[in-house]
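Student: Okay, here's the structure, questions in a sec.
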Amino acid sequence: MTHVFHRNPATALNCAVRGQGITLLDAQGRTYIDASGGAAVSCLGHGHPDVIAAIKTQLDQLEYAHSSFFTNQPCEDLADFLVANAPGDLSKVYFLSGGSEAIEASLKLARQYFLERGEPQRSCFIARRQSYHGNTLGALAIGGNAARREPFLPLLTPAHHVSPCYAYRDQRADETEEQYAGRLADELEQKIQEIGPGRVAAFVAETVVGSTAGALPPVRTYFQRIREVCDRYGVLLILDEVMSGMGRTGYRFAYEEDGIAPDILAIAKGLGGGYQPIGAMLASQRIYDVIVNGTGYFQHGHTYMAHATACAAALAVQRIIDRDRLLANVRERGEQLRARLREVFASHPNVGDVRGRGLFVAVELVQDRSSKDPLDPTLKTHARMKRKALENGLMTYPMGGTIDGIRGDHILLAPPFICTSADIDEIVERLDKTVRQVLPVA
Ligand code: PLP
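Numbering (this note's numbering), first residue to last: 304 to 745.
Here's what the structure looks like:
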C-alpha cells in the first residue's frame, strides 16, 4: 500500500529506478524508450553525465540562497544566456519552478504593467480553445480545455477564448493558409472589440499547442497577423512555450519560425530537461521599465525562484544543446520521424493526421479518414494506446479531447534531442505495432 497521493490512484505504477540516454528502467528490470521525454521534458535524455556533474559542482558551492537576499551566479549566467539567444526585445528573466508558475507570473506582470501605465481598466485576457497553460487557478482560468476547467469553473476568473489555429480540421478547402490566418486574426480582433478594446490586457497562446491538441503548429502567417492585431489595440502577446520551447521544435524559441516576438514568454520543461524543476518568464525591456520606473517592484514571488542548483542544471542543459549541435539534430530527426510515421500509417484508416515541428510530433486518430470523425470518446483509445505502448517498451504521451476537450484522440511524441536515426526507426516500429494492436486493420 502506497502513502503517496499519486495523480491517478486507480492506475498502479511501476517504479522507475534508472535512466540512461533515451531509456528508462523500472524495478522489474523492464526498459522503456522515452519517446515522449515524459511530458516533453527530458530533452537530453536521462543520466547525462555533464548535467549531473554541473549539479554536483553547484551543490558543493551553494545549493540555494533566498532571492530576496541574494542573487547567484547560475541565475545571472542563465539569464544572460537566454537573453542573448532570444530574438526580439525580451531582456529580463524571472526564474520560477515550473510552467504554471511561469504563466501565473506572466498574467500578473501583464496586469501590473497596465496598472502602472495608468490603464487599470485592462484586466481581461483572451486565450484559445483547446489550449493548456497549467493547473494552478490563474493558468487554468485562461486555459481553453473545457474538460480540465469544468470541475473548477466556480473558482476560475473569467477569461475569453477564440478558435485555435487547427488547419487539419478548420481550414476550409477553398481557403489559402494566409486567408485562414487572416480569418483567425479577424476573430481575435472581433473579440477585442466585443470586450472593449481598452479592457484587454493580453492574448495568450502556445506557439505550438502541446498536450491538449497534439503538437499543433500554427500556419505560417498566423502569428504575424495575430501580432498585428495585438499591436493595433495595445494588447500584450504572451506566448506559452512551456512545452514547445527550448529547442523542442528545432529552434531554441519556437516563435523564431513565425517571424514575430512576444512581449512576455513562459518557458519550463526542456529548460532544465528534468534534471531540476525550473521554469521562467521572459519580459521585454519596455514592460520591465514601466514597473521599475513605476512602483519599482513586481508584486509577486515564490520561495524557490532563481534556485541556484536548478539554474546551474538548466544552464548546463542549454550549453550542451549548443555544444553538441542538437538543434540541427532535432530538425533532422523530426523530419525523419514525421516522414516515417506517414509511411507506416499511409493506409491505416484510423490515422488522420501526422503533424508537428522538430521533435514535437503527434498522430491524430480518427474513426474515418475522409470524414475526420473522431473515435467514440467512451472507448478511451488514447488511454489504451498509452498502456499498450508501455507494454511494448515505449513511452508516449497520448491524450483525448483533441477537438473540443471531449472528442478526439492523439498520440504525442517528444523524444530526446539526442535521438539517433536508428532510435527514430525503433520508436516508429514500436508505435506502429502498438497502433495496430489497439486499432487492428481489418
Ligand atoms: N503550459 C503548457 C503549454 C504546458 O504544456 C504545461 C504543462 O504541461 C504548463 C503550461 C504547466 O506547466 P507545469 O506542469 O510545469 O506547471
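Quick reminder that beta carbons are idealized off the backbone N, C-alpha and C, glycines included.
Model, not experiment: these values are computed from the prediction.
#1: My assumption, with CB atoms under 8 Å, is that Arg739 sits in contact with Asn695. Please give the rounded CB distance.
#2: Please classify Gln361 as buried or exposed, where buried requires at least 16 neighbouring CB atoms within 10 angstroms.
#3: Could you tell me the boundaries of the alpha helix (DSSP H) in which Val595 lies?
#4: So Arg589 and Ala504 are supposed to be a Cβ contact under 8 Å. How far apart are they, rounded?
#5: So does the region 402-412 actually touch the region 536-549, counting three or more Cβ pairs closer than 8 Å?
#6: Asn388 and Arg502 - do their beta-carbons sit closer together than 9 Å?
#7: Kindly list the residues whose CB is nearer than 7 Å to the CB of Arg530, restricted to its own chain and excluding five residues on each side of it in sequence; keep chain order.
#8: Evaluate contact between the region 320-340 and the region 648-661, counting only Cβ atoms and requiring at least three cross-stretch pairs below 8 Å.
#9: Spatial neighbours of Gln331 within its chain, please: CB distance less than 7 Å, with the 5 preceding and 5 following residues excluded, ordered by chain position.
#10: Taking only heavy atoms of the ligand PLP into account, decide whether any of them is closer than 8 Å to the Cβ of Asp543.
#11: Of the choices Gln424, Ala745, Ser514 and His369, whose alpha-carbon is the least far from that of Gly499?
#12: Under a Cβ-count criterion, where at least 16 other Cβ atoms within 10 Å of its own Cβ denotes burial, should Ala368 be classed as buried or exposed?
#13: Have a look at Ala665 and Arg641 and give me their C-alpha separation to the nearest angstrom.
#14: Can you tell me where the alpha helix (DSSP H) holding Gln361 begins and where it ends?
#15: Taking the straight line between their C-alpha atoms, what separation do you get for Glu283 and Ala449?
#16: Is Ala442 buried or exposed, if buried means 16 or more other CB atoms sit within 10 Å of its CB?
#17: Kindly indicate which three-state DSSP category Ala564 falls into: helix, strand or coil?
#18: Please classify Leu813: does DSSP put it in a helix, a strand, or coil?
#19: Let me check you understand the geometry: is the CB of Ser514 closer than 8 Å to at least one non-hydrogen atom of the ligand PLP?
#20: Would you decide whether Glu667 is buried or exposed? Buried here means 16 or more other CB atoms lie within 10 Å of its CB.
#21: Which whole runs of the beta strand (DSSP E) in the region 424-509 are 3 residues long or more, in chain order?
#22: To the nearest angstrom, how far is the alpha carbon of Val741 from that of Val654?
#23: Classify Met359 as buried or exposed, calling it buried when 16 or more other Cβ atoms lie within 10 Å of its own Cβ.
#24: Where does the unbroken alpha helix (DSSP H) through Lys691 begin, and where does it stop?
#25: Could you work out which residue in Pro580, Ala356, Leu644 and Gly517 is closest to Val344 when comparing CA atoms only?
#26: Just to confirm, does Gly401 get its C-beta within under 8 Å of one of the non-hydrogen atoms of the ligand PLP?
#27: Quick check: is the beta carbon of Thr684 nearer than 9 Å to any beta carbon in chain C?
#28: Using the Cβ count rule (16 or more neighbours within 10 Å means buried), how would you classify Gln433?
#29: Would you kindly report the start and end of the unbroken alpha helix (DSSP H) that includes Gln527?
#30: What whole-angstrom Cβ distance do Val669 and Asp676 have, given they're in contact under 8 Å?
#31: Helix, strand or coil: how does DSSP classify Ile623 here?
#32: Between the C-alpha atoms of Ala557 and Met304, what's the straight-line distance to the nearest angstrom?
#33: Please determine, among Gln376, Phe372 and Tyr471, the residue with the shortest C-alpha to C-alpha distance to Ser673.
#34: For Thr515, I'd like the list of residues in its chain whose CB is within less than 6 Å of its CB, leaving aside the five on either flank, ordered along the chain.
#35: State the start and end residues of the unbroken beta strand (DSSP E) segment that holds Leu393.
#36: What three-state label does DSSP hand Tyr367 in the structure shown?
Tutor: If we stick to the structure as given:
#1: The Cβ separation is near 11 Å, so there is no contact.
#2: buried
#3: Gln588 to Val595
#4: The beta-carbon distance between Arg589 and Ala504, rounded to whole angstroms, is 15 Å. This is too long to meet the 8 Å contact definition.
#5: yes
#6: no
#7: Leu540 and Ile563
#8: The answer is no - the region 648-661 does not touch the region 320-340, with fewer than three Cβ pairs under 8 Å.
#9: Asn317
#10: yes
#11: Nearest Cα to Gly499 within the set Gln424, Ala745, Ser514 and His369: Gln424.
#12: exposed
#13: 9 Å
#14: Pro352 to Gln364
#15: This structure does not reach residue 283, given that the chain is present from 304 up to 745, and the question cannot be answered.
#16: buried
#17: coil
#18: The shown model of the chain, from 304 to 745, leaves out residue 813, and the question about it has no answer.
#19: Yes; taking the cut-off as 8 Å, the Cβ of Ser514 has a heavy atom of the ligand PLP nearer than that.
#20: buried
#21: 427-431, 463-465 and 503-509
#22: 12 Å
#23: Here residue 359 turns out to be Lys, not Met, going by the sequence shown. Counting Cβ neighbours within 10 Å, Lys359 comes out exposed, since fewer than 16 surround it.
#24: Per DSSP, Lys691 belongs to the alpha helix (DSSP H) from Thr684 to Glu694.
#25: Pro580
#26: yes
#27: Here there is only one protein chain, and chain C is not present.
#28: buried
#29: Tyr525 to Arg535
#30: The C-beta distance from Val669 to Asp676 rounds to 6 Å, short enough to meet the 8 Å contact threshold.
#31: helix
#32: 43 Å
#33: Tyr471
#34: The beta carbon of Thr515 sits closer than 6 Å to the beta carbons of Gln433, Tyr435 and Asn448 from its chain, once the five residues preceding and following it are set aside; these are given in chain order.
#35: Leu393 to Leu399
#36: coil
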